[in-house]
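See below for the structure under consideration.
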Amino acid sequence: MVRADTELIQLLRNGDRQAFADLYEHHKAAIYRYCLRMLTDSDAAEDATQETFIKMFAGVKELQNVESFLPWLFSIGRNEVMMQLRRNRRNGVHSDEDVWDKQTPYELTVAAETTEIVQRLLQNLKSEYREVILLREYEQLSYTQIAEITGDTESSVKSRLFKARKALTKRLKEYYT
Amino acid sequence: MNCEQYQEYISQFIDGELPPTAEIELFVHLGVCEQCRTFLKNVLSLSNTLTLSQQMTVPASLDQRILNQMSSNVKQQTLQNLFWHKGKTQYSFRAIGLAVIFSAILTSILVSSFWHLSYQPQQTIVCLTPLPEVEVTGYVVVATSPTKGIKQ
């Protein structure tokens, strides 16, 4: 029987270790996928995922609204990812207007499959655009949840999703023509 | 409204976040705008491609790492919970209870040690032979005799 997150959170708060294992099992793929696609490095993604679940365990008693567990968990993961990205980008300068992080994705020239091309294009998006695509397309989170995770307004989420989609479809079209 | 704004509607529409009134407006526009129809087609295609590449397995090493780390964390936290609750300055009830029990045990040990040290049971001297009578002059005169009693 699959227990609901709300029940597992209560059990975890009462010290049930199996509840942690179950919550980890429910959400590990989503968190790891998000971390890996944001960081594009499997070791860094593993570290970020590990930290996310350890911080979840440490902070679950402080979580006010149990219904917001998933956005809360993602926001922990996001903090880990952003810390890593800040470390990696300490010397980089990017324009706020631009959607792309890397202007000339060399890998595209050798990529064969559409899925691979899309993946690589995604990796070349700026993190703030990439994350909304990941949270929406892969995790199927609502605008409200994404806004909760990223700390932005819903209208900002809408706008970034639109810009990211437009940039991706445009780049894909350029690649095929 | 221009095509840019309708394309933003399209983005919201495929996410199921477009209000019904705006949906009608969008459909009317799509009926007459090929550019926006192409955008819709491309965005749906992008979405499908992303869904196809969703499969990703979590490395078994990560499972092991996290569960091992959690085991050690649980042990540490159990110990911490015995003495601390939330903040560093706030004792938990459990810690206070333990402290009270510990103090009570310590106090009882100390009290019983003192009692044993200070308590000397009165010794009874049994004299089988009568003691000689003693007469002392001065401030204090004590004379004992088992048979005749005290004589001053």
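Chains as they are written, first to last, in the numbering used here: chain C, 1 to 177; chain H, 1 to 152. For every residue, glycine included, the Cβ atom is placed at its ideal position computed from N, Cα and C.
### Message
Please state whether the Cβ-Cβ distance between H:S11 and C:F69 is less than 9 Å.
### Response
If you number the second sequence from 1, residue 11 of chain H lands on position 11. If you number the first sequence from 1, residue 69 of chain C lands on position 69. No, they are not a contact pair.
Worksheet item: Could you give the distance in angstroms between the alpha-carbon of C:R3 and the alpha-carbon of C:E67?
Response: By one-based count along the first sequence, residue 3 of chain C stands at place 3. By one-based count along the first sequence, residue 67 of chain C stands at place 67. Whole-angstrom Cα-Cα distance: 14 Å.
Exercise. With distances taken from CA atoms, which of C:M83, C:Y175, C:A58, C:E51 is nearest C:E116?
Worked result: What you label residue 116 of chain C is simply residue 116 of the first sequence in a count that begins at 1. Residue C:Y175 is the option with its Cα nearest to C:E116.
Discussion item. For C:T52, tell me which candidate among H:G97, H:Q55, H:M70, H:A60 has the shortest Cα-Cα distance.
Written reply: Residue 52 of chain C sits at position 52 when you count from the first residue of the first sequence. Comparing Cα-Cα distances from C:T52 to each of H:G97, H:Q55, H:M70, H:A60, the minimum goes to H:M70.
| task | From the DSSP output, in three-state form, read off H:L46 for me. | result | Along the second sequence, one-based indexing puts residue 46 of chain H at 46. Correct three-state label for H:L46: helix.
**Request:** Evaluate the contact criterion for the region 58-65 of chain H versus the region 15-31 of chain H: three or more CB pairs, one atom per stretch, below 8 Å.
**Result:** no
*Check the Cβ-Cβ distances between H:H49 and every residue of chain C, and say whether any is below 9 Å.*
As a first step, residue 49 of chain H is located in the second sequence; it is residue number 49 there, counting from the start. Reading off the sequence, residue 49 of chain H comes out as Thr, not His. Judged by the 9 Å Cβ criterion, H:T49 is in contact with chain C.
*asked:* Would C:F20 pass as an interface residue toward chain H - the criterion being a Cβ-Cβ separation below 9 Å?
replied: In the first sequence, residue 20 of chain C corresponds to position 20, counting from 1. Output row for C:F20: interface = yes.
Through-space distance from H:A99 to C:S159, alpha-carbon basis = For this step, residue 159 of chain C is matched to residue 159 along the first sequence. For this step, residue 99 of chain H is matched to residue 99 along the second sequence. Approximately 58 Å, taken between the alpha carbons.
| said: Is C:Q118 close to chain H? Criterion is C-beta to C-beta, closer than 9 Å. | reply: By one-based count along the first sequence, residue 118 of chain C stands at place 118. Per the sequence shown, the amino acid found at residue 118 of chain C is Val instead of Gln. Answer yes: the Cβ-Cβ gap between C:V118 and chain H drops below 9 Å somewhere.
- Is H:S47 closer than 9 Å to C:E137 when the C-beta atoms are compared? In the first sequence, residue 137 of chain C corresponds to position 137, counting from 1. In the second sequence, residue 47 of chain H corresponds to position 47, counting from 1. Yes; because the gap between Cβ atoms is below 9 Å, this pair is in contact.
### Query
For H:T51, which of C:E139, C:K173, C:T144 has the nearest alpha-carbon?
One-based indexing of the second sequence puts residue 51 of chain H at position 51. When only C-alpha atoms are compared, the closest one is C:E139.
H:L30 to C:L63 span [Cα, whole Å] = For the purposes of this step, residue 30 of chain H is identified with residue 30 of the second sequence, where counting begins at 1. For the purposes of this step, residue 63 of chain C is identified with residue 63 of the first sequence, where counting begins at 1. The alpha-carbon atoms of H:L30 and C:L63 are separated by roughly 45 Å.
Please say whether C:V81 and C:E131 have beta carbons closer to each other than 9 Å?
Taking the first residue of the first sequence as 1, we reach residue 131 of chain C at position 131. Taking the first residue of the first sequence as 1, we reach residue 81 of chain C at position 81. A contact, by the Cβ cut-off of 9 Å.
Judging by CA-CA distance, which residue of C:Y24, C:K173, C:T6 is the nearest neighbour of C:M56? Position 56 of the first sequence, counting from 1, holds the residue named residue 56 of chain C. If we check each option's Cα against that of C:M56, C:Y24 comes out closest.
- [ ] Mind checking the region 62-92 of chain C against chain H and listing, in chain order, the residues whose C-beta falls within less than 8 Å of any C-beta there?
- [x] none
| query | For C:C35 versus C:A21, is the C-beta distance shorter than 9 Å? | reply | Translated into positions along the first sequence, residue 35 of chain C becomes position 35. Translated into positions along the first sequence, residue 21 of chain C becomes position 21. No, the pair does not count as a contact, with Cβ atoms beyond the cut-off.
Is the beta carbon of C:Q10 sitting closer than 9 Å to the one on C:P71?
Here residue 10 of chain C refers to the residue found at position 10 when the first sequence is read from its first residue. Here residue 71 of chain C refers to the residue found at position 71 when the first sequence is read from its first residue. No; because the gap between Cβ atoms is not below 9 Å, this pair is not in contact.
key: H:L18 - DSSP class collapsed to helix/strand/coil   = Translated into the one-based positions of the second sequence, residue 18 of chain H becomes position 18. Coil at H:L18, not helix or strand.
Does the Cβ of C:M38 have 16 or more other Cβ atoms within 10 Å, making it buried, or fewer, making it exposed?
-> On the first sequence, position 38 is the one that residue 38 of chain C refers to. By the neighbour-count rule (16 or more Cβ atoms within 10 Å), C:M38 is buried.
**Study point:** Residues sharing a beta bridge with C:L23, DSSP
**Key:** Position 23 of the first sequence holds residue 23 of chain C. BP columns for C:L23 are empty, so no partner.
Just to confirm the assignment, what range does the alpha helix (DSSP H) spanning C:L70 have? As a first step, residue 70 of chain C must be located in the first sequence, where it is residue number 70. Residues 69-88.
Q. Roughly how many angstroms lie between the CA atoms of C:S95 and C:H27, to the nearest whole one?
A. Here residue 95 of chain C corresponds to residue number 95 of the first sequence, with the count starting at 1. Here residue 27 of chain C corresponds to residue number 27 of the first sequence, with the count starting at 1. Low local confidence applies: a pLDDT of 46 at C:S95 is under 50, so the model's placement there is unreliable, and no value is given.
Closest residue to H:N68 among C:R171, C:V118, C:I54 (Cα-Cα distance):
As a first step, residue 68 of chain H is located in the second sequence; it is residue number 68 there, counting from the start. It is C:I54 whose Cα lies nearest to the Cα of H:N68.
Rounded separation between C:G59 and H:E4 - CA only:
As a working note, residue 59 of chain C is residue 59 in the first sequence. As a working note, residue 4 of chain H is residue 4 in the second sequence. Taking the straight line from one Cα to the other gives about 43 Å.
Report task. State yes or no: is the C-beta of H:Q7 within less than 9 Å of the C-beta of H:C36? Result -> By one-based count along the second sequence, residue 7 of chain H stands at place 7. By one-based count along the second sequence, residue 36 of chain H stands at place 36. In this structure, H:C36 lies closer than 9 Å to H:Q7 by Cβ.
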